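K.L.:
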Amino acid sequence: MMPVQLQCPLVAVACVFMCCLFGTLSSPDPRVREALIELEASMQTGGQMVLTDAEQRLDALLFEMKQEEISRGDFPPAVHFFSAKRLIQRSPVFSLLQKMPKGGALHVHDFSMVDVEWLVKNVTYRPHCYMCSTDEPSFRFIFSSQWPKPLPRCSPWVLLENLRSKMVNATDLDNSIRGNLTLFTDQDPEVAFPSQDVVWDRFEQAFRAVWGLVTYAPVFRDYYYQGLTQFYTDNVMYLELRALLPEVYELDGSTHDRAWTLKTYQDITTQFVSKHPDFFGARIIITNQRRANRSAIAQAVEEAMKLKKDFPDFMAGFDLVGREDRGKPLWYFRDALSLPAEKGVTLPYFFHAGETDLEGTEVDQNLLDALLLNTSRIGHGFALVRHPVAKDLSRKKGVAVEVCPISNQVLKLVKDLRNHPAAALMLENHPVVISSDDPAMFGASGLSYDFYEAFVGFGGIKSHIGSLKQLAINSIRYSSLSPRQQKEALVLWQKRWNTFVTESEFLKTN
Ligand SMILES: *[C@@H]1O[C@H](CO)[C@@H](O)[C@H](O)[C@H]1NC(C)=O
Ligand SMILES: *[C@@H]1O[C@H](CO)[C@@H](O)[C@H](O)[C@H]1NC(C)=O
Ligand SMILES: *[C@@H]1O[C@H](CO)[C@@H](O)[C@H](O)[C@H]1NC(C)=O
Ligand SMILES: *[C@@H]1O[C@H](CO)[C@@H](O)[C@H](O)[C@H]1NC(C)=O
Ligand SMILES: *[C@@H]1O[C@H](CO)[C@@H](O)[C@H](O)[C@H]1NC(C)=O
Ligand SMILES: [Zn+2]
Numbered sequence: 216m217m218p219v220q221l222q223c224p225l226v227a228v229a230c231v232f233m234c235c236l237f238g239t240l241s242s243p244d245p246r247v248r249e250a251l252i253e254l255e256a257s258m259q260t261g262g263q264m265v266l267t268d269a270e271q272r273l274d275a276l277l278f279e280m281k282q283e284e285i286s287r288g289d290f291p292p293a294v295h296f297f298s299a300k301r302l303i304q305r306s307p308v309f310s311l312l313q314k315m316p317k318g319g320a321l322h323v324h325d326f327s328m329v330d331v332e333w334l335v336k337n338v339t340y341r342p343h344c345y346m347c348s349t350d351e352p353s354f355r356f357i358f359s360s361q362w363p364k365p366l367p368r369c370s371p372w373v374l375l376e377n378l379r380s381k382m383v384n385a386t387d388l389d390n391s392i393r394g395n396l397t398l399f400t401d402q403d404p405e406v407a408f409p410s411q412d413v414v415w416d417r418f419e420q421a422f423r424a425v426w427g428l429v430t431y432a433p434v435f436r437d438y439y440y441q442g443l444t445q446f447y448t449d450n451v452m453y454l455e456l457r458a459l460l461p462e463v464y465e466l467d468g469s470t471h472d473r474a475w476t477l478k479t480y481q482d483i484t485t486q487f488v489s490k491h492p493d494f495f496g497a498r499i500i501i502t503n504q505r506r507a508n509r510s511a512i513a514q515a516v517e518e519a520m521k522l523k524k525d526f527p528d529f530m531a532g533f534d535l536v537g538r539e540d541r542g543k544p545l546w547y548f549r550d551a552l553s554l555p556a557e558k559g560v561t562l563p564y565f566f567h568a569g570e571t572d573l574e575g576t577e578v579d580q581n582l583l584d585a586l587l588l589n590t591s592r593i594g595h596g597f598a599l600v601r602h603p604v605a606k607d608l609s610r611k612k613g614v615a616v617e618v619c620p621i622s623n624q625v626l627k628l629v630k631d632l633r634n635h636p637a638a639a640l641m642l643e644n645h646p647v648v649i650s651s652d653d654p655a656m657f658g659a660s661g662l663s664y665d666f667y668e669a670f671v672g673f674g675g676i677k678s679h680i681g682s683l684k685q686l687a688i689n690s691i692r693y694s695s696l697s698p699r700q701q702k703e704a705l706v707l708w709q710k711r712w713n714t715f716v717t718e719s720e721f722l723k724t725n
């Protein structure tokens with residue numbers, strides 16, 4: 216009955232109580248109970264964080280806000296995000312989380328950083344933008360100085376400028392474009408997306424629709440700058456972006472190679488940081504589709520090794536993307552993925568793994584294989600609690616899990632976010648960071664919505680200001696930054712955190 220395997224000083228306290236009182240009382244001793252409750256609370260993420268007086272006052276305020284939120288009828292984490300979004304926007308806890316310096320966003324994809332509204336209203340209104348309709352139904356776009364060549368399985372191209380000039384009112388057209396660039400919908404999400412297959416098909420379709428817009432060089436630059444702006448505005452100070460590094464094209468149809476694309480990311484990051492000195496920067500994790508074959512992955516790994524050599528500080532590493540359940544397992548690519556180790560070259564991995572609820576399949580082994588391939592972090596790790604050995608390794612090796620609550624809900628791994636497996640991970644302070652995966656596809660932005668779901672949904676009434684502080688610190692501690700850079704980033708973060716805590720105290724009087 217005694218938790219002898221726990222190594223917390225509080226256990227000792229509990230033992231003393233239990234031993235000396237054992238046999239003398241028939242009902243449980245309230246002091247023992249208190250000590251055990253405290254022990255459990257201290258084990259959670261941020262449970263051992265020492266709080267300043269100001270932080271404690273803010274925590275009391277947060278506690279009140281949360282209690283009020285939980286007592287209301289529609290509890291947002293229990294509801295699909297598409298329906299919960301409006302409720303969350305009215306939440307005082309959410310507005311506090313928006314102001315909170317959240318540290319880094321470590322799991323975000325290149326073409327889902329920016330609000331779809333900006334793509335519709337800004338990008339599709341630029342000159343030379345052509346569109347055709349596929350029979351999915353969906354759209355494809357291209358910018359071109361000449362009438363573009365027809366695409367297979369797409370209607371003849373129309374120049375959007377011409378189309379709109381003939382319309383009295385372009386609202387319906389814009390709504391239909393917007394609807395095809397994101398999963399977010401006002402319809403009942405359970406009806407629109409009845410299964411994982413349907414939602415993944417629509418998800419991939421939306422990326423194909425976005426593709427022609429965001430790979431046009433002027434848009435590519437503006438999109439990334441706009442993405443940094445949105446994360447910065449949401450009080451995120453650092454980004455690790457998973458990027459496919461497409462061949463970006465110009466108006467005359469010429470294309471740039473992948474090194475150009477990486478260099479462009481680097482230049483724009485530098486430009487952004489020089490305008491926003493309290494933004495720490497960004498790094499790129501190069502990604503490749505996991506549905507590719509062995510020789511394509513081997514080639515991608517070779518190229519990634521070369522790019523890592525050419526951009527040692529800006530490029531963080533390599534990952535495979537796309538639906539795990541439909542792609543090949545990591546083990547299938549073990550030879551290609553072992554090339555760097557064989558050649559003595561450093562290429563850190565940041566594998567998506569365990570984004571599945573299919574237990575016991577080949578793909579379900581990805582978590583263990585990611586760890587065997589020395590992954591630096593685990594993307595999603597939704598299945599981690601079902602793999603005690605992988606979980607133990609992840610903890611011992613300090614391989615953090617990148618938890619993306621809204622993504623897992625929209626892509627139908629979990630309905631009610633109170634039941635997300637990461638809730639259990641956070642109760643035992645497993646190394647985790649919170650991220651947003653593809654915020655634009657899900658109708659979210661930045662990190663705050665996902666922080667809200669984690670803080671209120673996973674944590675219930677138990678998580679507190681220490682949990683939030685720990686999550687922010689984790690996002691720097693488990694980043695790919697060097698120890699020296701992490702120290703600098705933490706100093707910058709701490710300054711912003713102190714300001715946040717002081718300023719939030721005034722909320723109470725409002
Ligand atoms: C579109 O965005 C660019 C870059 O962010 C900006 O310079 C331009 O003014 C915007 N155009 C419109 C029509 O909003
Ligand atoms: C344009 O159409 C939309 C939807 O059909 C309508 O709500 C809106 O009022 C119209 N705008 C104007 C200026 O007529
Ligand atoms: C996508 O575009 C088609 C037209 O090609 C339209 O009928 C459909 O409603 C759009 N989808 C969404 C979800 O808006
Ligand atoms: C692997 O994929 C590449 C690129 O899609 C293709 O060119 C190549 O033929 C494929 N190789 C094999 C062995 O299937
Ligand atoms: C993983 O790390 C171990 C220990 O450093 C090393 O022996 C092994 O070659 C690495 N494997 C890969 C695939 O990087
Ligand atoms: Zn992802």
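All the letters of the sequence shown, read from the start, carry residue numbers 216 to 725 under our numbering.
Cβ atoms here follow ideal geometry from the backbone N, Cα and C, with glycine treated the same way.
All values derive from a computational prediction rather than experimental measurement.
Tell me the residue span of the alpha helix (DSSP H) that contains T479.
P.N.:
R473 to K490
K.L.:
Where does the unbroken alpha helix (DSSP H) through F548 begin, and where does it stop?
P.N.:
Premise fails: F548 is in no alpha helix (DSSP H) and is neither H nor E.
K.L.:
Can you look up F597 in the DSSP assignment and give me helix, strand or coil?
P.N.:
coil
K.L.:
Please tell me whether F487 and K627 are closer than 8 Å, where the distance is taken between their beta carbons.
P.N.:
no
K.L.:
Do E700 and R692 have their CB atoms nearer than 8 Å?
P.N.:
One point to set straight first is that residue 700 is Gln, not Glu, in the sequence displayed. Cβ atoms of Q700 and R692: not closer than 8 Å.
K.L.:
Is the beta carbon of H645 within less than 7 Å of some heavy atom of ligand 6?
P.N.:
no
K.L.:
Whole angstroms are fine: how far does the CA of F356 sit from the CA of K710?
P.N.:
44 Å
K.L.:
Once DSSP output is grouped into helix, strand and coil, what is the label at K558?
P.N.:
Under the three-state reduction of DSSP output, K558 falls in the helix class.
K.L.:
Put S310 into one of helix, strand or coil per three-state DSSP.
P.N.:
helix
K.L.:
Who sits around ligand 4, taking every residue whose Cβ is closer than 7 Å to one of its heavy atoms?
P.N.:
A507, N508, S510 and A511
K.L.:
Quickly, what does DSSP pair C369 with across the bridge? List them, please.
P.N.:
T349
K.L.:
Thinking C-alpha only, which one of S360, F309, L396 and P404 is nearest P352?
P.N.:
L396
K.L.:
Among all the DSSP beta bridges, which residues are the ones paired with H567?
P.N.:
G594
K.L.:
What residues are listed by DSSP as bridge partners for R457?
P.N.:
H324 and I500
K.L.:
Which whole-angstrom value is the C-beta distance of V647 and A615, which I expect to be below 8 Å?
P.N.:
6 Å
K.L.:
Check E617 in the structure and name its three-state DSSP category.
P.N.:
Strand, per DSSP.
K.L.:
Measuring from each Cβ to the nearest heavy atom of ligand 3, keep the ones under 5 Å and list them in chain order.
P.N.:
Qualifying residues, in the order they occur: S348, P352, S391, G394 and N395.
K.L.:
Answer yes or no: the CB of D652 versus the heavy atoms of ligand 6, is any distance below 7 Å?
P.N.:
yes
K.L.:
Do V578 and E539 have their C-beta atoms within less than 8 Å of each other?
P.N.:
The answer is yes: Cβ separation under 8 Å.
K.L.:
Roughly how many whole angstroms lie between the Cα atoms of V338 and S360?
P.N.:
16 Å
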